[in-house]
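Numbering (my numbering), first residue to last: 60 to 540.
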Amino acid sequence: MINFRPVVFTLGTFLSMLSGFMLIPLSFSLIYAEDTSIAFIQATVLTSIAASICIHQGQKSRIHLNIREMFILTSITWFVVSLFAALPFTFYHGITYSDAFFETMSGVTTTGSTVLSGLDDMAHSILIWRSLLQWLGGIGFIVMAVAVLPFLNVGGMRLFRTESSDWSDKSTPRTQDMAKNLFFIYILLSLACALSYHLAGMTWFEAINHAMTTISTGGYSTSDQSMSHFSHSAQWISTLFMLAGGLPLIIFVQCIALRTLLVWKDAQVVGFVKFLAFVSIVLAVWYWFTHDGTHPLDALRLAAFNVVSVVTTTGYGLTDYGAWGAFSFIIFLFLMSVGSCSGSTSGGIKIFRFQIAFAIMREQLKVQFHPNGVFTEKYNNRSIQPDIVRSLVTFMLLYAAVVIVITIILVLTHLDPMTSLTAALTAVANVGPGLGDIIGPSGNFSSLSDTAKWVLSIGMLLGRLEIITVAVIIHPKFWKF
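This is how it looks when you write it as structure tokens:
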């Protein structure tokens, strides 16, 4: 039977932590004497009350979650947290709850799509809350990708199963140690990024905000002009740390533990870096040839920044790459769904799934050439088992189905087909901006209907939870005892 008490208790714990983090923007509102103080006080009180009720109702001496309860908890936690995290936005200067929830879900899932404008003059407390939501969402999904999803065997993630993926009582201390190590590296990267931004000309407030949204590959900025508001050196720094955010965080833990760089021979990391380098160079050459008078280094800076921003699903804006021509338009349309590495803060399909798909294709071609031969493809020195292939194919089909369904719904809200398609892609892939005049790098999502915003919010959550996690609990057999 499904026991909801530990699920409710754990959910209450998350809400309690959320109310504690609300004190950070509240402090900024008091320091800068902003009129957002009441909004954050109200949100903190309501969230604390809800947390207390959940903890009281679900409290028991020992918390143990079976696999069905893990699916339920993983699916509802981010939704419920977003419901309460949206309160400061809607309590502040009349933002509708639909807009507030969209902004929050975009933040928590590190998508980066926004309905807000006038960021340059916005309250410090609101800006830091947006950045903090992305930063917390980033580390939350890293722990989930390392410890939870491999355990649930979601979308081929079993390939990355480690000790931290075993949720038995015996492995709990190991899981906690891994979470602490990941959190330490996450903080270290954030501090290094903030210092680098400050040295590149940002104020400390701007540097801290952008560090949180860069390492989390979220993409929220303190300026309507996004990263184009800052120096070229800041943009190069952003490219470097977005790349770091797209790598498996556990790689950094292993580097420190083993004191060696041999772990960088990981097939996923090598493939990811080579892919970024190749696409960046191709688009840099294209931009240089099609934009007269452009310096080659500027072409490389613009191409590398935008490619890394889209592939890592950060979504920072620098230029409207959709206006570079038909060739670059098609390339970026494809890049929106690629994603970076498993165990990183990024969304998307993830590079390892494409690598496995190509490995399966090679195996099938060999079978065609040698029908009686026996071939076994490997990935990172591990055999690709049939259950991993089934899980991966299921994920890819569900991914495509979700994008198609969301696109159709958006078209029915009177959006044009291109805006509908790229909005669906950017939501499910957690990229941020789409393509076109409305939701492109130079626009935002404020003009969309409330229906479209709620649909896209659900799409963001589905994409971040690897879709299968939610699809499982929708199936009727899941609830049969």
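Note that CB positions come from ideal geometry on N, CA and C, so glycine has one too.
DSSP places M164 in the uninterrupted alpha helix (DSSP H) bounded by 156-167. Taking a 10 Å sphere around the C-beta of S442, we find fewer than 16 other C-beta atoms and assign the residue as exposed.
Collapsing the DSSP output to three states places R441 in a strand. Taking 8 Å as the cut-off, the Cβ atoms of I244 and P84 do not count as close.
By the Cβ test, the stretch 415-426 is not in contact with the stretch 371-382, since fewer than three Cβ pairs between them sit closer than 8 Å. The beta-carbon distance between F391 and T173, rounded to whole angstroms, is 19 Å. This is too long to meet the 8 Å contact definition. In the DSSP assignment, Y346 falls within the unbroken alpha helix (DSSP H) covering 326-349. For M271, the closest C-alpha among the options V338, G197, Q101 is that of G197.
Taking the CA atoms as reference points, L356 sits about 12 Å from L342.
The C-alpha of G330 lies about 48 Å from the C-alpha of H115.
When C-alpha distances from G278 are compared across T485, V490, C252, the shortest belongs to V490.
In chain order, R127, F130, V531 place their CB closer than 8 Å to the CB of F537, counting only its own chain and leaving out the 5 sequence neighbours on each side.
In this structure, F200 lies near R523, with their beta-carbon atoms less than 8 Å apart. If you keep only unbroken alpha helix (DSSP H) runs of at least 4 residues inside the stretch 255-303, you get 263-274. Distance between S134 and T69, taken at the CA atoms: about 13 Å.
Membership of Q423 in the alpha helix (DSSP H) is indicated by the continuous run 410-428. Approximately 22 Å separates the beta-carbon atoms of G305 and T281; this is outside 8 Å, ruling out the contact. If you compare the alpha carbons of S184, V140, N125, S287 with that of Y151, the shortest gap goes to S184. The residue among N365, Q427, L456 with its C-alpha nearest the C-alpha of I408 is L456. In the DSSP annotation of this structure, V205 is not part of any alpha helix (DSSP H), being labelled neither H nor E. With a cutoff of 8 Å on beta-carbon distance, I526 and F411 are scored as not near each other.
Look at the stretch 93-158 and you find these whole runs of alpha helix (DSSP H), each 4 residues long or longer: 96-117, 126-144, 146-150.
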